[in-house]
Amino acid sequence: MGSAGKVVLVTGVSRDLGRRFARALADDPRIARVIGVDAVPPRGDIGEVSFIRADIRNPVIAKIIVKEDVDTVVHMAVISTPGSAGGRNTMKELNVIGTMQLLAACQKAPGLQALVVKSTTTVYGASSRDPAMFTEDMGPRRSPRSGYAKDVAEIEGYVRGFARRRPDVRVTTLRMANAIGPEVSSPLTTYFRLPVIPTVLGHDARLQFLHDRDLMAVLRHATLTETAGTYNVAGDGILMLSQAVRRLQRPALPLPTFMMGNMGSALRSARLADFSPEQTAFLTFGRGVDTTRMRTSLGFEPEHTTASAFADFAASLTPTGGHLERALARASARLPEPAAGGGPHG
Amino acid sequence: MGDAEIIPIGTRGRPGRGTGASSPSSAARGLAPAKKPAPATKPAPAKKAAPPTAAVRPRPKSKPKPAAETVEAPVAAPRAPVTTEVPTAADGIPAAEWLAAVQGAALEVFGDDWEPQLARFLAFLRRRVSGQYVVDEYGFDREVTERFFMSALRPIAQKWFRIEVRGIENIPTEGGALVVSNHSGTVPVDGLMTMVSIHDEIGRFLRPLGADLVFRLPFVGSMARKGGATLACNEDAERMLRGGELVGVWPEGFKGIGKPYADRYKLQRFGRGGFVSAALRTGVPIVPLSVVGAEEIYPLVGNLPSLARLLGVPYIPITPFFPLLGPLGLVPLPSKWLLEFGEPIRTDEFDPGAADDPMLVFNVTDQVRETIQQTLYSLLMQRQSVFR
Numbered sequence: 001m002g003s004a005g006k007v008v009l010v011t012g013v014s015r016d017l018g019r020r021f022a023r024a025l026a027d028d029p030r031i032a033r034v035i036g037v038d039a040v041p042p043r044g045d046i047g048e049v050s051f052i053r054a055d056i057r058n059p060v061i062a063k064i065i066v067k068e069d070v071d072t073v074v075h076m077a078v079i080s081t082p083g084s085a086g087g088r089n090t091m092k093e094l095n096v097i098g099t100m101q102l103l104a105a106c107q108k109a110p111g112l113q114a115l116v117v118k119s120t121t122t123v124y125g126a127s128s129r130d131p132a133m134f135t136e137d138m139g140p141r142r143s144p145r146s147g148y149a150k151d152v153a154e155i156e157g158y159v160r161g162f163a164r165r166r167p168d169v170r171v172t173t174l175r176m177a178n179a180i181g182p183e184v185s186s187p188l189t190t191y192f193r194l195p196v197i198p199t200v201l202g203h204d205a206r207l208q209f210l211h212d213r214d215l216m217a218v219l220r221h222a223t224l225t226e227t228a229g230t231y232n233v234a235g236d237g238i239l240m241l242s243q244a245v246r247r248l249q250r251p252a253l254p255l256p257t258f259m260m261g262n263m264g265s266a267l268r269s270a271r272l273a274d275f276s277p278e279q280t281a282f283l284t285f286g287r288g289v290d291t292t293r294m295r296t297s298l299g300f301e302p303e304h305t306t307a308s309a310f311a312d313f314a315a316s317l318t319p320t321g322g323h324l325e326r327a328l329a330r331a332s333a334r335l336p337e338p339a340a341g342g343g344p345h346g
Numbered sequence: 001m002g003d004a005e006i007i008p009i010g011t012r013g014r015p016g017r018g019t020g021a022s023s024p025s026s027a028a029r030g031l032a033p034a035k036k037p038a039p040a041t042k043p044a045p046a047k048k049a050a051p052p053t054a055a056v057r058p059r060p061k062s063k064p065k066p067a068a069e070t071v072e073a074p075v076a077a078p079r080a081p082v083t084t085e086v087p088t089a090a091d092g093i094p095a096a097e098w099l100a101a102v103q104g105a106a107l108e109v110f111g112d113d114w115e116p117q118l119a120r121f122l123a124f125l126r127r128r129v130s131g132q133y134v135v136d137e138y139g140f141d142r143e144v145t146e147r148f149f150m151s152a153l154r155p156i157a158q159k160w161f162r163i164e165v166r167g168i169e170n171i172p173t174e175g176g177a178l179v180v181s182n183h184s185g186t187v188p189v190d191g192l193m194t195m196v197s198i199h200d201e202i203g204r205f206l207r208p209l210g211a212d213l214v215f216r217l218p219f220v221g222s223m224a225r226k227g228g229a230t231l232a233c234n235e236d237a238e239r240m241l242r243g244g245e246l247v248g249v250w251p252e253g254f255k256g257i258g259k260p261y262a263d264r265y266k267l268q269r270f271g272r273g274g275f276v277s278a279a280l281r282t283g284v285p286i287v288p289l290s291v292v293g294a295e296e297i298y299p300l301v302g303n304l305p306s307l308a309r310l311l312g313v314p315y316i317p318i319t320p321f322f323p324l325l326g327p328l329g330l331v332p333l334p335s336k337w338l339l340e341f342g343e344p345i346r347t348d349e350f351d352p353g354a355a356d357d358p359m360l361v362f363n364v365t366d367q368v369r370e371t372i373q374q375t376l377y378s379l380l381m382q383r384q385s386v387f388r
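As given, the protein sequences belong to chains H and C, one line each in that order.
Take the first sequence: its position 122, counting from 1, is numbered 122 in UniProt numbering, and each next residue is one higher.
Take the second sequence: its position 214, counting from 1, is numbered 214 in UniProt numbering, and each next residue is one higher.
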């Protein structure tokens with residue numbers, strides 16, 4: 001592959017993550033050109049990226065790929081919430097039909113060498129019957145019947161089909177854990193930004209996060225290296241939901257499972273947060289993914305652990321609770337013996 | 001002998017029937033020992049009169065009304081300064097007073113070196129409240145398990161069931177191993193007791209594999225994860241064993257704990273032998289464990305299958321005490337427990353593909369099952385009685 005002249009096409013650049021990724025990629029010396037594609041123009045600065053306004057649901061995309069002599073496609077135009085797109089039907093159309101069109105265009109592009117797909121660990125679902133850590137070979141315990149998880153499962157199915165039909169193209173699927181960071185806007189960060197955080201009574205989800213800078217880094221890594229395959233990408237370690245809420249110093253509001261759904265729809269109609277059924281399941285049971293293969297085969301090492309990524313996110317929020325913690329801190333400050341583990345006193 | 005005194009039973013030698021307010025019954029007299037002859041005006045001397053004979057011989061003459069007043073007065077007198085002082089500090093009790101109270105309490109609870117003790121305790125509380133603790137990938141919270149679950153279970157294990165552990169040396173002190181145990185007792189108390197016994201004997205945490213139902217239930221599921229349990233599936237079992245954990249399985253599952261009392265100590269079917277293939281794949285030893293005593297804690301004499309089906313649980317137990325005595329029926333019977341760990345069965349000598357050989361897996365499963373069953377019989381022979 002002529003590494004001097006890589007031409008990369010990035011879909012979904014109108015959204016923040018896509019725009020930042022495309023821009024960062026354009027600054028890389030190993031990349032000749034970055035073409036950003038989306039149905040609406042990006043809001044921020046896109047630097048060196050040449051933006052082409054095109055809908056990936058439209059066959060025009062095939063012409064762009066051929067005409068611009070694209071050799072790598074990074075597919076990031078998979079949206080997790082219907083919020084910005086307008087509705088569930090639009091979201092499904094964008095995700096599934098868009099991916100189908102894009103893959104059809106890729107199949108007809110003789111010069112294409114690599115396809116990188118940003119997927120998500122949501123494909124594994126979240127249920128009480130889940131193994132503690134999903135490896136890439138495992139599937140969801142129940143196949144998803146609706147929503148984002150189903151979209152992603154279908155998209156991955158089409159990507160696998162494409163990989164079979166074009167064995168000469170290197171296909172990399174990155175299943176990302178929930179992205180978190182001060183600038184990330186996603187259903188999960190909206191949830192954590194609520195002043196009082198509703199949780200599911202009696203359940204404590206295991207969560208894994210990926211810092212958005214690591215998300216950029218792994219996409220760039222996958223674009224530039226020669227490894228194919230499917231990889232889980234997540235920060236090290238696990239944070240329990242209760243622990244995460246405590247670290248944010250925000251009060252939690254435990255609700256029974258059936259009320260969590262009502263709460264979700266109330267919050268959605270108030271435009272405060274977006275609770276989909278799969279997010280409720282995620283906040284009930286959580287999910288962990290095994291990242292051994294990310295280290296060994298893909299050769300990527302995230303900079304942040306789950307805990308440090310979350311700490312970075314938490315630093316951007318003002319605590320709304322934490323009175324008990326502060327009271328305890330005052331009490332232990334009053335004690336003649338500060339909180340020393342050894343206790344050399346006496 | 002002729003002048004024997006007749007003493008009515010239970011009245012301390014005096015006729016016991018009272019007549020209304022004027023002369024209280026002897027039972028009433030006995031109930032108010034501290035009141036005294038002393039009139040209400042003298043709170044301090046009342047103390048002097050109280051110690052010698054008050055409790056023994058209340059005088060019949062004292063009237064109940066002044067007595068009630070005298071009881072109230074001494075109590076009110078010392079308390080008054082405290083109660084009047086507190087309201088003055090309406091929105092913030094002075095820290096010094098809090099400190100004094102805390103110091104007093106700490107001295108009571110922690111003894112002489114209370115300062116470092118309390119500081120450590122406060123540090124622990126702060127860690128919990130601010131979320132600055134670590135859980136492993138299965139959700140195991142070591143700190144809360146050690147400090148809370150284990151300390152809560154230890155008295156039950158030592159004082160209530162008087163657990164006697166044998167053959168603890170059969171558990172490797174490090175590296176992965178699979179403890180396979182019989183399951184009994186209607187409620188999986190035996191698992192908890194095994195966990196605390198192993199931890200107290202060799203300081204290792206037993207990581208139990210729990211049924212799907214455990215993790216579906218609210219509270220139970222999250223507590224189980226915090227205590228180190230994970231779902232009983234091949235993926236998790238192998239992952240834990242590869243990670244060098246000491247894993248516990250109860251292959252009988254609900255068939256074991258939910259069996260009627262008449263079938264006690266008869267091992268049920270051992271699942272599909274999934275635990276054996278997990279051990280074969282990871283090459284860890286299998287340690288058979290036989291638990292005697294757990295069968296008797298809640299003797300299961302009946303079941304409500306239709307209600308159980310309605311609620312989606314495997315069975316609804318009826319014990320001689322459970323629905324009958326209400327919550328009191330939930331107290332387990334104090335049977336004497338024996339835990340015997342058998343000799344480890346090595347699995348590292350088999351070929352790598354042994355786990356995919358069903359016949360071999362069944363053979364090893366049967367071997368483990370037979371070992372446990374035989375040990376159960378011999379332990380039952382040695383046991384003097386259920387409760388001793």
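Just so you know, even glycine gets a beta-carbon here, dropped at the ideal spot from N, CA and C.
Run down chain H in chain order and give the residues with a C-beta less than 9 angstroms from the C-beta of residue i.
i: L231 of chain C; result: S128, R129, D130, P131 and A132
i: E235 of chain C; result: P131, A132, M133, F134, T135 and M138
What does residue i touch in chain C if you count any residue whose Cβ is under 8 angstroms from its own?
i: R268 of chain H; result: Residues of chain C passing the Cβ test: none, with the nearest at roughly 24 angstroms.
i: E325 of chain H; result: R126, V129 and S130
i: residue 348 of chain H; result: Because chain H in this structure spans residues 1 to 346, residue 348 of chain H falls outside the shown range and cannot be described.
Taking residue i as the reference, give the member of the options with the closest Cα.
i: G256 of chain C; options: C:F205, C:E295 and C:N303; result: C:E295
i: G202 of chain H; options: H:S50, H:E325 and H:T284; result: H:T284
i: M240 of chain H; options: C:S222, C:F322, C:F254 and C:W250; result: C:S222
i: V7 of chain H; options: H:L17, H:N89 and H:L25; result: H:L25
i: D45 of chain H; options: H:V37, H:V152 and H:R19; result: H:R19
i: M76 of chain H; options: H:D28, H:L115, H:Q208 and H:E183; result: H:L115
i: V301 of chain C; options: C:P251, C:E252, C:G258 and C:D236; result: C:G258
i: E169 of chain C; options: C:A119, C:F121, C:P288 and C:Y298; result: C:P288
i: V189 of chain C; options: C:V135, C:L328, C:F140 and C:G210; result: C:G210
i: V60 of chain H; options: H:T223, H:S80, H:D38 and H:S146; result: H:D38
i: L304 of chain C; options: C:I297, C:P314 and C:Y298; result: C:P314
How far does the alpha helix (DSSP H) with residue i in it reach, from first residue to last?
i: T189 of chain H; result: P187 to F192
i: F51 of chain H; result: Segment S50 to R53 is the beta strand (DSSP E) holding F51 of chain H; no alpha helix (DSSP H) there.
i: R326 of chain H; result: H323 to R334
i: E97 of chain C; result: A95 to F110
i: V135 of chain C; result: Per DSSP, V135 of chain C belongs to no alpha helix (DSSP H) and is neither H nor E.
Which two residues bound the contiguous beta strand (DSSP E) that contains residue i?
i: I65 of chain H; result: Where I65 of chain H is concerned, there is no enclosing beta strand (DSSP E), although the alpha helix (DSSP H) it sits in stretches over V60 to K67.
i: R33 of chain H; result: I31 to D38
i: V7 of chain H; result: K6 to T11
i: T320 of chain H; result: Careful: T320 of chain H lies outside any beta strand (DSSP E) and carries neither H nor E.
i: R15 of chain H; result: Per DSSP, R15 of chain H belongs to no beta strand (DSSP E) and is neither H nor E.
Along chain C, which residues have their Cβ under 9 angstroms away from the Cβ of residue i?
i: R206 of chain H; result: V135, E137, Y138, G139 and R225
i: R246 of chain H; result: R128, V129, S130, G131 and Q132
Could you name the residues of chain C that residue i contacts, counting a contact when the two beta carbons are closer than 7 angstroms?
i: H203 of chain H; result: P218, G221 and S222
i: A109 of chain H; result: Under the 7 angstroms cutoff, chain C gives no residues; its nearest Cβ is about 39 angstroms from A109 of chain H.
i: M240 of chain H; result: V135 and G139
i: P288 of chain H; result: In the sequence on display, residue 288 of chain H carries Gly and not Pro. Going along chain C in sequence order, the residues near G288 of chain H (Cβ under 7 angstroms) are E137.
At a CB-CB cut-off below 8 angstroms, which residues of chain H make contact with residue i?
i: R207 of chain C; result: Those do not exist, as R207 of chain C stays about 11 angstroms from chain H at its closest Cβ, beyond 8 angstroms.
i: F275 of chain C; result: Chain H residues near F275 of chain C: none, gap ~15 angstroms exceeds 8 angstroms.
Sufficient close CB pairs (3 or more, under 8 angstroms) joining the segment 222 to 234 of chain C to the segment 134 to 148 of chain C: yes
Interface residues of the segment 65 to 79 of chain H facing chain A [CB-CB below 9 angstroms]: Going by chain labels, chain A is absent from the structure shown, which instead holds the protein chains H and C.
Whole alpha helix (DSSP H) elements within the segment 195 to 261 of chain H, 4-residue minimum: 212 to 224 and 241 to 248
Runs of alpha helix (DSSP H) wholly within the UniProt domain "Phospholipid/glycerol acyltransferase" (177 to 294) of chain C (minimum 4 residues, chain order): 189 to 202, 212 to 216, 220 to 226, 234 to 242, 254 to 257 and 274 to 282
The segment 335 to 353 of chain C in contact with the segment 228 to 248 of chain C per 3-pair CB rule at 8 angstroms: no
Entirely enclosed alpha helix (DSSP H) segments - the segment 299 to 382 of chain C, minimum 4 residues: 305 to 311, 322 to 325 and 358 to 382
Secondary structure, alpha helix (DSSP H): runs of 4+ residues fully inside the segment 100 to 183 of chain H: 147 to 165
Stretch pair the segment 172 to 190 of chain H + the segment 115 to 130 of chain H: three plus CB contacts closer than 8 angstroms: yes
Segment contact, 8 angstroms Cβ cut-off, at least three pairs: the segment 321 to 332 of chain C with the segment 264 to 284 of chain C: no
Contact the segment 299 to 314 of chain C vs the segment 356 to 376 of chain C: 3+ CB pairs below 8 angstroms: no
Touching by the beta-carbon criterion (3+ pairs, under 8 angstroms), the segment 102 to 113 of chain H and the segment 64 to 75 of chain H: yes
The segment 187 to 207 of chain H / the segment 314 to 328 of chain H touching (three or more Cβ pairs under 8 angstroms): yes
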